[in-house]
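Here the structure comes first, spelled out in structure tokens, and everything after it is commentary.
Residue numbers (my numbering): 96 to 207.
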């Protein structure tokens, strides 16, 4: 199977930057998940990366939950809402992320 690389425009490059920031603040990514995410980045499937990171959440240790959620919110606000699919919508994932961020920043930096 071959992945066809997509040339990202300026907006997409900014989204990818926010998503990579979230991954850095996540506290680590399992190797299998990292491979899947890297393939999605190459193919320009940024909404899939976004939804996956929202579902995963930050790790219990070595993560920076507030920074993780802030980067995801920044990416989510730039993504165009996608249609319903088996993974949900960008809007649903963004709403979930905003709720976590509110709890995260409202409780002294611990993710809930």
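No residue lacks a Cβ here, since even glycine has one placed at the ideal position from N, Cα and C.
| Item | Value |
| --- | --- |
| CA-CA distance, residue 121 and residue 149? | 10 angstroms |
| In the DSSP assignment, find the alpha helix (DSSP H) that holds residue 168 and state where it starts and stops. | 160-173 |
| Skipping 5 residues on each side, what residues in its chain have a beta carbon closer than 6 angstroms to that of residue 116? | 166 |
| With three or more beta-carbon pairs closer than 8 angstroms as the criterion, would you say the stretch 130-140 touches the stretch 188-197? | no |
| Residue 125: buried (16+ other C-beta within 10 angstroms of its C-beta) or exposed? | exposed |
| Closest to residue 184 by C-alpha separation, out of 144, 159 and 196, would be which residue? | 144 |
| Measure the beta-carbon distance from residue 193 to residue 110 and round it to whole angstroms, keeping in mind my assumption that it falls under 8 angstroms. | Contact doesn't hold; Cβ gap of about 17 angstroms is too wide. |
| I need the boundaries of the alpha helix (DSSP H) containing residue 97, first residue and last residue. | First-last for residue 97: undefined, no H or E at that position. |
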